[in-house]
Amino acid sequence: MKKEPFVKIDSHAHITSEELYPDVDVIIKRALDAGVSKIVNINTDRLTFDRGLDLQKRYPDQIFNTVATTPHDVEKEGEENFSYFAEAIKKKQVVAVGEVGLDYTYEHSKKDVQKEFLNRYFDLALSVDLPVVIHCRGDDAFSDLFTFPQNIRAVLHCFTGNLIQAQACLERGWYISISGIATFKKSSGLRDVIKELPLNRLLIETDSPYLAPQSKRGQINEPANVCEVAETIAIVKGISLEEVCAVTTQNACDFFNI
Ligand SMILES: [Zn+2]
2 MKKEPFVKID SHAHITSEEL YPDVDVIIKR ALDAGVSKIV NINTDRLTFD
52 RGLDLQKRYP DQIFNTVATT PHDVEKEGEE NFSYFAEAIK KKQVVAVGEV
102 GLDYTYEHSK KDVQKEFLNR YFDLALSVDL PVVIHCRGDD AFSDLFTFPQ
152 NIRAVLHCFT GNLIQAQACL ERGWYISISG IATFKKSSGL RDVIKELPLN
202 RLLIETDSPY LAPQSKRGQI NEPANVCEVA ETIAIVKGIS LEEVCAVTTQ
252 NACDFFNI
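Every letter in the sequence shown is one number past the one before it in the working numbering, and letter 167, counting from 1, is 168.
Rendered as structure tokens:
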């Protein structure tokens, strides 16, 4: 008899992206079959967001949306989309604001512009009491992030930082989300960090269509693959897969209020 997969949540996927949207119903079905009961869909522009709102109508208990312009794109389209996204955020059409943040590794947008939009989205999130999904890449980006007001509720998505940075996030009451990067052969440093982090502050995610886990390297990622992230955390921490799934599911439900 096939064992029922443990229930889990993909806390960060881009299922309305060009790579995934054409097959989105099949992809959601595969996720549900793998025990992924809910998916937090991260929307980064108007097209993906309109698709996300439509999906949420069709899957009211499975698909939840967030919206914001990513730090990569704020210089190009942050301004033109801000009021449109702010309207939706104020109407609570989303469960969180994001992904927003600072990416100094690629620096597709100027640092000052990234900081300006992070500030504006933080203010917006605070004004409507929604949590924030944060993307942060680069040691200087973390230093700058920690200079922002600490009273927001946030998750550090796709965490790849060090233990000191992780602890600074935890001190602020933030959650830390672990992606398929943790499954890569070369990621032993990240796994050492994960070992030290309390399970009751961790979320799991795929960041689909990016970052397929080790066994699927090079493929288009999808939410069903979040299972491999949960398995890696279980091995690293020496605890059961059932516990990892149960606790991270509860964490995601609490954080996003879903
Ligand atoms: Zn993302």
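Every residue, glycine too, gets a C-beta built ideally from N, C-alpha and C.
Just so it is clear, the structure is predicted and the values come from calculations on it, not from any experiment.
Is residue i near residue j, with beta carbons less than 8 Å apart?
i, j, result
"alanine 260", "tyrosine 105", "Since the first residue shown for the chain is 2 and the last is 259, residue 260 is missing from the structure and cannot be characterised."
"glutamine 115", "proline 72", "yes"
"isoleucine 195", "valine 230", "no"
"cysteine 137", "leucine 191", "no"
"lysine 91", "valine 41", "no"
"lysine 39", "isoleucine 234", "no"
"threonine 161", "leucine 204", "no"
"aspartate 11", "threonine 207", "yes"
"leucine 198", "alanine 167", "yes"
"histidine 13", "threonine 49", "no"
"leucine 119", "valine 101", "yes"
Cβ of residue i versus every heavy atom of ligand 3: is any distance shorter than 7 Å?
i, result
"isoleucine 64", "For ligand 3, the structure offers nothing, since it holds only ligand 1."
Could you tell me whether any non-hydrogen atom of ligand 1 is closer than 7 Å to the CB of residue i?
i, result
"isoleucine 43", "yes"
"aspartate 208", "yes"
"glutamate 223", "no"
"histidine 15", "yes"
"histidine 1", "Residue numbering for the chain in the displayed model covers 2 to 259; residue 1 lies beyond these limits and cannot be assessed."
"glutamate 76", "no"
"glutamate 172", "no"
"glutamate 100", "yes"
According to DSSP, simplified to helix, strand and coil, what is residue i?
i, result
"valine 96", "coil"
"glycine 79", "helix"
"arginine 138", "strand"
"phenylalanine 147", "coil"
"lysine 39", "strand"
"serine 241", "coil"
"leucine 157", "strand"
"isoleucine 29", "helix"
"threonine 250", "helix"
"asparagine 44", "strand"
"isoleucine 182", "helix"
"leucine 198", "coil"
"leucine 203", "strand"
Which residue marks the beginning of the beta strand (DSSP E) containing residue i, and which one marks its end?
i, result
"lysine 9", "9-14"
"threonine 106", "Taken as a continuous stretch (DSSP letters only), threonine 106 belongs to no beta strand (DSSP E), as it is neither H nor E."
"asparagine 66", "64-68"
"tyrosine 176", "176-179"
Please report the residue range of the alpha helix (DSSP H) in which residue i lies.
i, result
"asparagine 120", "112-129"
"leucine 171", "164-172"
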